[in-house]
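Residue numbers (our numbering), protein chains in the order written: chain A, 1 to 276; chain B, 1001 to 1278. For glycine and all other residues, C-beta sits at the position ideal for the given N, C-alpha and C. These numbers come from a predicted model, not from an experiment.
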Amino acid sequence: MADDIILKVRDVYRTYDIKGGLFKKGSQLTAVKGVSLDVERGSTLAVVGESGCGKSTLARMLTMIDAQTSGSIEIDGLPIDISKTGISKEMRQKVQIVFQNPYGSLNPRQKIGHVLEEPLLLNTDMPAAERRDLALQMLEKVGLPPEHYGRYPHMFSGGQRQRIAIARAIMMKPKLLVLDEPVSALDLSVQAQILNLLADLQEEMNLTYVFISHDLSVVRYIADKVMVMYFGEVVEYGTRDEVFNDPQHDYTKTLFAATPRADVESIKKRLAAKAA
Amino acid sequence: MSLLEIRNLRVEFDTAKGPFRALAGVDYTVDAGEVLAIVGESGSGKSVAMLATMGLLPDSATITADKMEFEGLDLRTLSAKERRKVIGKDISMIFQEPIASLNPCFTVGFQMSETLKTHTGLKGKQIKDRVVELFEAVGIPDPAGRLNAFPHQMSGGQCQRVMIAMAIACSPKLLIADEPTTALDVTIQKQILDLLVQIQQERGMGLIMITHDMGVVAETADRVIVQYQGRKMEEADVLALFENPQNPYTKALLSALPENATGDRLPTVSDFAQAGGF
Chain A
1 MADDIILKVR DVYRTYDIKG GLFKKGSQLT AVKGVSLDVE RGSTLAVVGE SGCGKSTLAR
61 MLTMIDAQTS GSIEIDGLPI DISKTGISKE MRQKVQIVFQ NPYGSLNPRQ KIGHVLEEPL
121 LLNTDMPAAE RRDLALQMLE KVGLPPEHYG RYPHMFSGGQ RQRIAIARAI MMKPKLLVLD
181 EPVSALDLSV QAQILNLLAD LQEEMNLTYV FISHDLSVVR YIADKVMVMY FGEVVEYGTR
241 DEVFNDPQHD YTKTLFAATP RADVESIKKR LAAKAA
Chain B
1001 MSLLEIRNLR VEFDTAKGPF RALAGVDYTV DAGEVLAIVG ESGSGKSVAM LATMGLLPDS
1061 ATITADKMEF EGLDLRTLSA KERRKVIGKD ISMIFQEPIA SLNPCFTVGF QMSETLKTHT
1121 GLKGKQIKDR VVELFEAVGI PDPAGRLNAF PHQMSGGQCQ RVMIAMAIAC SPKLLIADEP
1181 TTALDVTIQK QILDLLVQIQ QERGMGLIMI THDMGVVAET ADRVIVQYQG RKMEEADVLA
1241 LFENPQNPYT KALLSALPEN ATGDRLPTVS DFAQAGGF
């Protein structure tokens, strides 16, 4: 099990060309600079960093939305380099993504049933009745009643929509699920429900997660391994306990120091400092 | 006398399906030099309460209160014109999306000077000097150079600093911050929270922090009001609230924090709702 690496990334770079203007020369921006990582099957890697650190670019490359400029990505033994080889249906089945904003990631004119069936329609030859059965099963799995099948996205709350987005992502039975800030748009109590759902699904389907987040308390709760990115580079990479108990890089320390603490000791300390 | 005192505030919205009650009789008091946090999830009425105080709700809202006084001034009976003299000067507010709160068509320097032109007798060069002074106070690097910058040329954190500068331009007695750091990175959030608390202490302002983030509450508040579906669930000093929450909903919120997780699963509010019956 320990050697069962499902995602292998080696020295990946991603460079974007910035167009020049009349008086400005074009330039290049390297969003991801030499990232390497391994994720074991059934585990969770959390990627942490502030906006602009390249964590979403990394997610785009893992989910084959964007091609890497150089370096190699291997998912479940399958090399991924879409700029050279394009994307096959087999590759698409391996990875799926859940986005941050459940209000923006569902088509408002598409019924939930069709949202869930679309991946099957595009990637398989399954007959309609079977697709419908699978969609209904999936609704149940993410904790929604079957009568939601024919409803539209606007009829759901944020948490329910995120359940639908998760259901859509696992319709193809992927091996790897990239979660790009899946709970940051949600209320605290709904966040807890979604995190529980993700934990259940991981266990049931032996899913591997790449969990992108800026919320360290969520990361600490869900991650097996943690990677901290800063300006496109990996500044810290290790198991959760290593990173949280003994952060090495200055940026990681700054990040920990900046995270609001909601424990009684910290409040006492703050109030004492204020009184002084 | 309290700075702001509101008794039994109710807000109803007219909708196609009949009236919707957003706030069902909540009391608020804030003293000068105090930080009050109003915490709750979406739909708890935390923003509506403060928008009602500011008179910023649309016409479809019906606001009633037994008492609504700012420094003894009855906010219920103010005309729009009288209200504008208070709002933006003695009470000011900052919002969640700093970039959306600024007008993209004007420079931040111009937008800052508007506030000063409206509420103070300052003129020309004096206004410019004051704006630079305020930018400096909120920690904007190269304040004089930034006067001619447009909002899109600044980062989210910088824009929020501009909003804070604008809000404190006329030395308000009460500042209402509605989720001021929700759209920002945690390192920037820390800077903005520190800045708000520092300004609040220097000037002895009253500060109302509206937030859904228990971490922000723990880091800033003196006193906390917990709201749920338009009702006040609990009101307590910050330490008492975290140490010994009384209301089942507060308990539920605190135990849903991932850092308080003890077992494999996070308890959710609905678990408590069944057991506690709120």
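Asked	Found
Looking only at its chain, what residues have a beta carbon closer than 6 Å to the beta carbon of A/SER72, apart from the 5 residues adjacent to it on each side?	ARG10
With distances taken from CA atoms, which of B/PHE1150, B/GLY1033, B/GLN1111 and B/ALA1221 is nearest B/MET1320?	Any answer about residue 1320 of chain B is impossible in this case: the structure gives chain B only from 1001 up to 1278.
Go through the region 1123-1205 of chain B residue by residue and report every complete run of the beta strand (DSSP E) that reaches 3 residues or more, in order.	1174-1178
DSSP three-state call for A/ARG131: helix, strand or coil?	helix
Strictly below 8 Å CB to CB, what residues from chain B border A/ALA272?	Simply none; closest approach about 10 Å.
By the criterion of Cβ-Cβ separation under 9 Å, what are the contact partners of B/ASP1213 in chain A?	LEU188, PRO260 and ALA262
Using a Cβ-Cβ cut-off of less than 7 Å, list which residues of the region 1217-1244 of chain B approach chain A; keep chain order.	ALA1218, GLU1219, VAL1238, LEU1239, PHE1242 and GLU1243
Tell me, please, whether the region 221-230 of chain A touches the region 248-259 of chain A by the rule of three or more beta-carbon pairs shorter than 8 Å.	yes
Are the C-beta atoms of B/LYS1190 and some chain A residue less than 8 Å apart?	yes
By the criterion of Cβ-Cβ separation under 8 Å, what are the contact partners of A/ALA192 in chain B?	ALA1256, PRO1258, LEU1266, PRO1267, THR1268 and VAL1269
Using a C-beta cutoff of 8 Å, does A/ARG220 count as contacting chain B?	yes
Can you check whether the C-beta of B/VAL1030 is within less than 8 Å of a C-beta belonging to chain A?	no
Is B/GLU1041 close to chain A, meaning its C-beta is less than 8 Å from at least one C-beta of that chain?	yes
Thinking B/ILE1063 and B/GLN1227 are a contact (beta carbons under 8 Å), I'd like their distance in whole angstroms, please.	Not quite, the Cβ-Cβ distance comes to about 17 Å (not below 8 Å), so this is no contact.
DSSP puts A/ARG237 in a beta bridge; with which residues?	For the sequence presented, residue 237 of chain A should be read as Tyr rather than Arg. Its beta-bridge partners are A/MET227.
Starting from the Cα of B/ILE1087, find the closest Cα among B/GLY1055, B/ASP1066, B/PHE1095 and B/GLY1121 and give me that residue.	B/GLY1055
B/LYS1017: buried (16+ other C-beta within 10 angstroms of its C-beta) or exposed?	exposed
Can the beta-carbon of B/ASP1185 be found closer than 8 Å to that of A/HIS214?	yes
Give the single residue among A/VAL178, A/VAL190 and A/ALA275 whose Cα lies nearest to the Cα of A/VAL210.	A/VAL178
Quick check on the DSSP output: the alpha helix (DSSP H) that includes A/ASP200 runs from which residue to which?	188-205
How many whole angstroms separate the CB atoms of A/LYS175 and A/THR208, which I take to be in contact at a CB cut-off of 8 Å?	6 Å
Identify the residues that DSSP records as bridge partners of A/ALA275: which are they?	Paired residue(s): none; A/ALA275 is not in a bridge.
Among B/LYS1173, B/PRO1172, B/CYS1170 and B/THR1182, whose alpha-carbon lies nearest the alpha-carbon of B/GLN1160?	B/THR1182
Could you spell out where the beta strand (DSSP E) holding A/GLY34 opens and where it closes?	27-40
With a threshold of 6 Å on Cβ separation, who are the neighbours of B/GLU1133 within its own chain once the five nearest residues in sequence on each side are excluded?	none
Within its chain, find whatever has a CB closer than 6 Å to the CB of A/ARG60; leave out the 5 residues flanking it on each side and keep chain order.	ASP66
Anything in the region 142-162 of chain A with a Cβ closer than 7 Å to a Cβ of chain B? List those residues in chain order, please.	none
Counting contacts by CB-CB distance shorter than 8 Å, is B/LEU1195 in contact with chain A?	no
What did DSSP end up calling B/MET1001 once you bin it into helix, strand or coil?	coil
Please list, in chain order, the chain B residues whose beta carbon lies closer than 7 Å to that of A/GLU117.	The premise fails here: A/GLU117 is roughly 29 Å from chain B at the closest Cβ pair, so nothing lies under 7 Å.
Could you give the first and the last residue of the continuous beta strand (DSSP E) run that contains B/ALA1100?	First-last for B/ALA1100: 1098-1101, but that is the alpha helix (DSSP H), not the beta strand (DSSP E).
By the criterion of Cβ-Cβ separation under 9 Å, what are the contact partners of B/LEU1279 in chain A?	Absent from the structure is residue 1279 of chain B, since the part of chain B shown begins at 1001 and ends at 1278.
Going by beta-carbon coordinates alone, are A/ASN171 and A/LEU134 separated by less than 8 Å?	It should be noted that the sequence gives Met, not Asn, for residue 171 of chain A. Yes. Within cutoff.
Three Cβ pairs or more, each shorter than 8 Å: is that satisfied between the region 1060-1075 of chain B and the region 1003-1014 of chain B?	yes
Could you spell out where the beta strand (DSSP E) holding A/ASP11 opens and where it closes?	5-18
Counting only beta-carbon separations shorter than 8 Å, does B/VAL1186 have a partner in chain A?	yes
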